[in-house]
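Residue numbers (the working numbering): 115 to 456. Okay, so here's the structure we're looking at.
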């Protein structure tokens, strides 16, 4: 009987113990659930303007993103920072970085930015703008999508260019050389001229040049060629006449008669030419403006002569030849008058 009573008492104690364990477990679960519920926070995540809401028990921004499999690149923008503690209604803002291509000449640089201006992108690419460089977009323009920025590098430089000055050829008449012959008496040499230019270059290519000044550093030396001017022919008597010039003239004749000279034998200048020479065959009167006095001539139909006299009626292309007598028989003729070579 006593054993039975002991077994009943033990059974009751066991039930109480089990009931106690169950109550403790239930209370623990309820307390845990209440604690977990108290730790749940609602956060919002805005990505490029689109907002999503999440419930989380995570404690930092980084953990919330990992929990929801939201990954960032090194260029993305996030606020607040990844290590910021999460509170109820924490707002997380993410801006995804986009590609910006920067073309500089034949080079291409690529950067990724979540926001900013054209100038910000250029600086991030490490490109330094010169004062004359041109950009296809305003530097202050805000960027919010993939963009291509074209930079034209504008530079200036001064250059000195040497240019050849071609020598000229000077022809001189040589009255001691037969016609048709030539002789180079001085070889020509090119000169050198320096020109200073200011060049405008765009991406290394010349687009404009301005002449700043020029100077001759070496003058050209002309080539001098002597050309023979002496022609010749043979008279009917076989005499060689070498001449450098020929005129076609009206020829008349005069003698020592007073009617021709206007002077009588008693006149002190009777028988003398305008140059003071005695008249004789071979003396002719000319216009000194056409043929200088003292010039040796050959007169067609008359022969060799020297221009030693003048006459009031001898003007222009006229010539008066001296004859001993019968000047009137000479008449008036159109003749060729040759200026003899020396």
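We put the CB at the ideal spot given by N, CA and C, even for glycine.
Of the listed residues 226, 325, 433 and 218, nearest to residue 459 (C-alpha basis): Look at the range of the chain in this structure, 115 to 456, and you will see that residue 459 is not part of it.
For residue 350, which of 388, 417, 311 and 367 has the nearest alpha-carbon? Check the Cα spacing between residue 350 and each of 388, 417, 311 and 367: the tightest is with 417.
According to DSSP, residue 399 sits in a beta bridge with which residue or residues? Bridge partners of residue 399: 423 and 434.
Going by the beta-carbon positions, is the gap between residue 241 and residue 259 smaller than 8 Å? In this structure, residue 259 does not lie closer than 8 Å to residue 241 by Cβ.
Assigned exposure category for residue 288 - 16 Cβ within 10 Å defines buried: Around the beta carbon of residue 288, 16 or more other beta carbons lie within 10 angstroms, which makes this residue buried.
Find the nearest neighbour of residue 230 within the set 284, 253 and 378, judged by alpha-carbon distance. Closest option to residue 230, Cα to Cα, is 253.
For residue 364 versus residue 446, is the C-beta distance shorter than 8 Å? It is a contact, given that the beta carbons lie within the stated cut-off.
Could you work out which residue in 376, 368 and 404 is closest to residue 435 when comparing CA atoms only? Of the candidates 376, 368 and 404, the one whose C-alpha sits nearest the C-alpha of residue 435 is 368.
Reduced DSSP category for residue 153 - H, G, I as helix; E, B as strand; rest coil: In the structure shown, residue 153 sits in a helix (DSSP, three-state: H, G or I).
What does the Cβ neighbour count give for residue 358, buried or exposed, with the cut at 16 atoms within 10 Å? That one is buried.
Measure the alpha-carbon distance for residue 439 versus residue 292 and round it to whole angstroms. Residue 439 and residue 292 have their C-alpha atoms some 37 Å from each other.
Reduced DSSP secondary structure (H/G/I, E/B, other) of residue 325: The three-state secondary structure of residue 325, taken from DSSP, is strand.
Alpha carbon to alpha carbon, what distance is there between residue 234 and residue 183? Their backbone Cα atoms lie some 30 Å apart in a straight line.
Using the Cβ count rule (16 or more neighbours within 10 Å means buried), how would you classify residue 412? Burial of residue 412 is indicated by the presence of at least 16 other C-beta atoms within 10 angstroms of its C-beta.
Measuring alpha carbon to alpha carbon, tell me which residue in 426, 316, 321 and 332 is nearest residue 309. Out of 426, 316, 321 and 332, the CA that lies nearest to the CA of residue 309 is found in 332.
Have a look at residue 236 and residue 277 and give me their C-alpha separation to the nearest angstrom. In this structure, the CA atom of residue 236 is about 42 Å from the CA atom of residue 277.
To the nearest angstrom, how far is the alpha carbon of residue 150 from that of residue 208? Because residue 150 sits at a pLDDT of 48, beneath the cut-off of 50, its placement in the model cannot be relied upon, and the following sentence gives the value as read from the coordinates. Using only the alpha carbons, I get a separation of about 28 Å.
So, do the region 376-385 and the region 395-403 have three or more beta carbon pairs nearer to each other than 8 Å? When Cβ pairs closer than 8 Å are counted between the two stretches, the region 376-385 is seen not to touch the region 395-403, the count staying below three.
Close Cβ partners of residue 198 (< 7 Å) along its chain, the five nearest in sequence each way excluded: The answer, listed in chain order, is 174 and 175.
Using 8 Å as the Cβ pair cut-off and three pairs as the minimum, do the region 325-339 and the region 419-430 touch? No contact exists between the region 325-339 and the region 419-430.
Contact belief for residue 206 with residue 192 at Cβ below 8 Å, rounded distance in angstroms: The C-beta distance from residue 206 to residue 192 rounds to 7 Å, short enough to fall under 8 Å.
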